[in-house]
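Presented below is the structure to which this report refers.
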Amino acid sequence: GGLRLEAHNTIPHGKGLGSSASAIVAGLALAWGIARPGRDLDLDWLVQISSELEGHPDNSSAAVLGGFTLAWDQTRVPGARAVSLPVVAPVGALALVPDAILPTHAARGMLPAEVPHADAARTAGRAALLCLALTQRADLLWDATEEWLHQRQRASRMPESYDLLTALRADGHAAVIAGAGPTVLVLGPRSELETLADDQHPGFRPVLLEIGEGVTLRDRSTD
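In UniProt numbering, the protein residues as written are 1 to 223.
Structure, rendered in structure tokens:
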């Protein structure tokens, strides 16, 4: 007996694209398949356990559910919850991936312990607007991706990414730093992103992304 494990990792490490969360979710799904063969994967269980292991339900639940994911920690009944909303049809994503790596723990260490109340309030408003922009009103993506709490604070550790981010937004593109960085992520109509991917961005590799459908578990033994 024994177990042969073969992994195909397509998410770059240390780029702010969720490689650690995806690895945790994949491992848990595999464990479920081995321990409970033939049973449908319990996504609520997977959201909960992956959140406990990864530490941030917004990261892990996206790998579980796909789409545009909203996640939160419950207070009345402790535990993580998440829902996935469909993304409006024209919207896609373009990742501009640099050669540089920024470990997540280092990026998180650059954030201040406290933020101005005004910045927190503006961010909450933009988060609500982003829900509308991604699901119904893609024309609002630029406004919805304005940000005050993370990107400028980390600029010194990823100056090339921050400069590219600033230039793209100045040109009207809904660009953000992906996760903790240093990848720059652009949201918008697929046709616009394809054109942008053909442009020259020295030091960055363009990768057009599909909106994922979340984790699936499939028995390949009969393939």
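Backbone N, C-alpha and C define an ideal beta-carbon position, used for all residues, glycine too.
Since the model is a prediction, treat every value here as computed from it, not as a measurement.
Measure the C-alpha to C-alpha separation of residue i and residue j and round it to an integer number of angstroms.
{"i": "GLY172", "j": "VAL91", "result": "15 Å"}
{"i": "ARG137", "j": "ALA89", "result": "10 Å"}
{"i": "ALA170", "j": "THR135", "result": "24 Å"}
{"i": "ALA80", "j": "SER221", "result": "33 Å"}
{"i": "ARG152", "j": "VAL64", "result": "30 Å"}
{"i": "ASP219", "j": "ILE34", "result": "10 Å"}
{"i": "ALA7", "j": "ALA121", "result": "42 Å"}
{"i": "THR216", "j": "TRP32", "result": "11 Å"}
{"i": "GLY66", "j": "VAL115", "result": "30 Å"}
{"i": "GLU192", "j": "LEU165", "result": "16 Å"}
{"i": "GLY2", "j": "ALA26", "result": "19 Å"}
{"i": "ILE11", "j": "LEU5", "result": "18 Å"}
{"i": "ARG76", "j": "ASP119", "result": "28 Å"}
{"i": "ASP73", "j": "ALA82", "result": "9 Å"}
{"i": "THR123", "j": "ASN59", "result": "18 Å"}
{"i": "ALA174", "j": "GLU194", "result": "14 Å"}
{"i": "LEU41", "j": "HIS13", "result": "26 Å"}
{"i": "MET110", "j": "ASP199", "result": "31 Å"}
{"i": "ARG39", "j": "PRO78", "result": "26 Å"}
Assuming the contact rule is C-beta atoms closer than 8 Å, residue i and residue j should be a hit. Round their C-beta distance to whole Å, please.
{"i": "PRO57", "j": "VAL47", "result": "7 Å"}
{"i": "PRO103", "j": "SER161", "result": "With a Cβ gap of about 14 Å, PRO103 and SER161 do not count as contacting."}
{"i": "ALA21", "j": "GLU52", "result": "Incorrect: roughly 12 Å between the Cβ atoms, too far for contact."}
{"i": "PRO189", "j": "ALA197", "result": "That belief does not hold up - the Cβ atoms of PRO189 and ALA197 are roughly 13 Å apart, past 8 Å."}
{"i": "VAL184", "j": "THR145", "result": "In fact, because the Cβ distance is near 12 Å, the residues do not count as touching under 8 Å."}
{"i": "GLY179", "j": "LEU70", "result": "Rounded, the Cβ-Cβ distance is 16 Å, inconsistent with contact."}
{"i": "PHE68", "j": "SER50", "result": "So it is not a contact: roughly 18 Å between Cβ atoms."}
Determine the closest residue to residue i out of the options, with distance taken between C-alpha atoms.
{"i": "LEU140", "options": "LEU129, GLY109, GLU147 and LEU149", "result": "LEU129"}
{"i": "LEU96", "options": "THR216, GLY212, LEU208 and GLY214", "result": "LEU208"}
{"i": "LEU94", "options": "GLN200, LEU187 and SER221", "result": "LEU187"}
{"i": "ASP44", "options": "ALA29, GLY55, ILE34 and LYS15", "result": "ALA29"}
{"i": "ALA62", "options": "PRO202, GLU213, GLU146 and ALA178", "result": "GLU213"}
{"i": "PRO86", "options": "PHE204, LEU132 and GLY79", "result": "LEU132"}
{"i": "ALA167", "options": "HIS201, LEU41, ALA7 and HIS150", "result": "HIS201"}
{"i": "SER156", "options": "SER84, ALA106 and GLU192", "result": "ALA106"}
{"i": "ARG108", "options": "HIS150, ARG76 and HIS13", "result": "HIS150"}
{"i": "GLY203", "options": "ALA82, TRP72, ASP163 and LEU193", "result": "ASP163"}
Can you look up residue i in the DSSP assignment and give me helix, strand or coil?
{"i": "GLN200", "result": "coil"}
{"i": "GLN74", "result": "strand"}
{"i": "VAL215", "result": "coil"}
{"i": "ILE104", "result": "It is worth fixing the name first, because residue 104 is Thr in this sequence and not Ile. In this structure, THR104 counts as helix in the three-state DSSP scheme."}
{"i": "PRO57", "result": "helix"}
{"i": "GLY33", "result": "helix"}
{"i": "ARG169", "result": "helix"}
{"i": "ARG154", "result": "helix"}
{"i": "GLY92", "result": "strand"}
{"i": "SER84", "result": "strand"}
{"i": "residue 235", "result": "Any property of residue 235 remains undetermined from this structure, which presents the chain solely from 1 to 223."}
{"i": "ARG126", "result": "helix"}
{"i": "LEU28", "result": "helix"}
{"i": "LEU209", "result": "strand"}
Quick one: residues in its chain with C-beta nearer than 6 Å to the C-beta of residue i, no 5 flanking neighbours on either side, listed in chain order?
{"i": "PRO182", "result": "PRO98, ALA100, LEU102, MET158 and SER161"}
{"i": "ILE211", "result": "VAL87"}
{"i": "LYS15", "result": "VAL97 and THR183"}
Given residue i, which residues of its chain have a CB within under 8 Å of its CB, disregarding the five upstream and five downstream residues?
{"i": "ALA23", "result": "ASN9"}
{"i": "ARG126", "result": "ASP143, ALA144, THR145, GLU146 and GLU147"}
{"i": "PRO112", "result": "GLN153"}
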